[in-house]
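Per my numbering, residue 1 is the first one in the sequence shown, and the count goes up by one each step. Note that the Cβ used here is the ideal one computed from N, Cα and C, for glycine as well. Predicted, not measured: the structure shown is a model, and the values here were computed from it. Worksheet for the structure shown next.
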Amino acid sequence: MARRAVARGSRRRHARRAHEPGAVAVTASERPILVIGGAGFIGSNVAARFARAGHQVRIYDDLSRPGVEHNLAWLRETHGDLIDARIADIRDGAELRDAMADVQAVFHFAAQVAVTTSLLDPRADFAINACGTIEVLEALRELSNRPPLVFTSTNKVYGCLPDLPMQIDGDRWHPVDTALLARGIDERRPLEFRTPYGCSKGAADQYVLDYAESYGLDATVVRMSCIYGPRQFGTEDQGWVAHFLIRALEGAPITIYGDGRQVRDILFVDDLVEAFVQAWRHIRVLRGRAFNMGGGPRNTISLIELLDMIGQLRGRRPEVTFEDWRAGDQRYYVSDTTAFTNATGWRPRVGPRAGVEALHGWLLEQRQSNPTLTGDSTHV
1 MARRAVARGS
11 RRRHARRAHE
21 PGAVAVTASE
31 RPILVIGGAG
41 FIGSNVAARF
51 ARAGHQVRIY
61 DDLSRPGVEH
71 NLAWLRETHG
81 DLIDARIADI
91 RDGAELRDAM
101 ADVQAVFHFA
111 AQVAVTTSLL
121 DPRADFAINA
131 CGTIEVLEAL
141 RELSNRPPLV
151 FTSTNKVYGC
161 LPDLPMQIDG
171 DRWHPVDTAL
181 LARGIDERRP
191 LEFRTPYGCS
201 KGAADQYVLD
211 YAESYGLDAT
221 VVRMSCIYGP
231 RQFGTEDQGW
241 VAHFLIRALE
251 GAPITIYGDG
261 RQVRDILFVD
271 DLVEAFVQAW
281 RHIRVLRGRA
291 FNMGGGPRNT
301 ISLIELLDMI
311 GQLRGRRPEV
321 TFEDWRAGDQ
331 RYYVSDTTAF
341 TNATGWRPRV
351 GPRAGVEALH
361 GWLLEQRQSN
371 PTLTGDSTHV
C-alpha cells in the first residue's frame, strides 16, 4: 500500500513537472515503452512503475536468468493487457527492430551481469553486453522517429581504483582523502576497464555515448553502483544484498571474498526507478552524457555491517567463511551523484536500514508463497 501511495504521489509531481522548460512529458500513451531485460530485477520494477501509471509496456527478455520468469508472471498477473512480452535474445537484430518500431522510449537493462561469469566465458560476455548493445543502437539508428534511450552501465568501468589510497577504519575500508570520502567518486574519474565484464560493459557504455554524438540519438548512460530491493533473486556472483538475505533465510553459510570491509553505496530499487523516470523526462539535457548512480555517501554499508544488520533482523548472525579477494574487486566504491541531481532534481529517499528491512520482508513473503523460489541456492 505504501509503495502504491508513493507511486500516485510521484505521478502528480510528474504531471506538474511536464511544464518545466526542456522537459519531456512522461504521460500515458498508446505507444508502448520498451524495457529490454524487462523480466529482470531492475527491468520488472521499471515495467511495473510505468504500468501502474497506465502506460503500455513491452518486455523484451530471453528469460535466461533463473527466477525472472516469476517476475514476468507477476507483471502479467498484476497489470494484464498493459504488459506485452517478447521472448527473444538481445543479439537478434530483426526481433529488436520489430519490438522497437512503435515505442516512445527504450530502457536497456539486458546484460550478462557477473564478473565471475565473464572470466569463465569472456566471448559470451562480450557478445551479450557489447554486441547486443550495438544491435540495440543500430535498431534505433534505423528508425525515422527515434525514441530516447536510457542505458545502464556499471561502476566497474572505473576499474579497481588502485591509485586511491585506502585505510581501514573498524569494519570499513575508506579513502584517505577526506574530500573523496565526503562526496564519493564522480564522472571525472578516468575509465579503466578491468575483467572481461568491465571491458564489455565499458565498450557498450562508450558506444552509447558515441551514437548520441555521431548519430544524434537521445541517449544517456547510467553507471550504477549496488542496487537492491524486491524482485531481486540475488546470487553469489551478483545481487549480494539479496544473496546475503536469502542465504540467511536458508540458514546457509555465506562466502565472502576478501576481508568483508569492502564498502559500497547501496540504492533501493524504487529510488533507482524514479531516477530512470527523471532521466527520460530530462533526456534533452542528459543526452550524450554518463552519470554515476547509487545511494551516495549517506547510504553506504560494508559487507560486515550488512551481516550485522541481518543478524539483528533474524536474531542470529549468519555463518561466514572467507576466501581470497576476487580479481578487480574494489575495496571502496561510493557514487557521487551530484551531476545527476543537478540535472534532474533527483535524490535517493530510502536508507539502508529501511531498504534491507523491505527486501527481507518481501523475501519472507516469497518464501511462504513459493518455497522453491528462495529455498534453493542454485535457483536464486
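If you look at P196, you'll find it in the alpha helix (DSSP H) that goes 195-215. When DSSP reads this structure, T152 sits in a beta bridge with V222. Its chain contains D271 as the residues whose beta carbon lies nearer than 7 Å to that of R349, once the 5 sequence neighbours on both sides are disregarded; these appear in chain order. In the three-state reduction of the DSSP assignment, N370 falls in the coil class, being assigned neither a helical nor a strand state. Looking at G43, D186, G328, E323, the one whose alpha-carbon comes closest to that of V273 is G43. Taking a 10 Å sphere around the C-beta of Y158, we find 16 or more other C-beta atoms and assign the residue as buried. P196 counts as buried, since no fewer than 16 other beta carbons sit within 10 angstroms of its beta carbon. Linking A358 to Q232 through their CA atoms gives a straight-line distance of about 12 Å. Counting only unbroken stretches of 3 or more residues, the beta strand (DSSP E) elements lying wholly within the segment 240-311 are 254-257, 263-268, 290-293, 300-302, in sequence order. Taking a contact to require three or more Cβ pairs closer than 8 Å, the segment 102-120 and the segment 128-140 qualify as touching. Counted as a single uninterrupted DSSP element, the stretch harbouring T338 is not any beta strand (DSSP E) but the alpha helix (DSSP H) occupying residues 338-344. Measuring C-alpha to C-alpha distances from P253 to each of T321, Q312, I59 identifies T321 as the nearest. In the assembly as shown, L96 is a buried residue. Its beta-carbon has 16 or more other beta-carbons within 10 Å.
If only uninterrupted alpha helix (DSSP H) runs of at least 4 residues are considered, those enclosed by the segment 95-157 are 115-120, 122-126, 132-141.
Take E305, set aside five residues on each side of it, and the residues of its chain with a beta-carbon closer than 7 Å to its own are D171, in chain order.
Between L245 and H70 a beta carbon distance of about 17 Å is seen, past the 8 Å cut, so the two are scored as non-contacting. Of all alpha-carbon atoms in I90, A99, D102, N45, the one lying nearest the alpha-carbon of R76 is that of N45.
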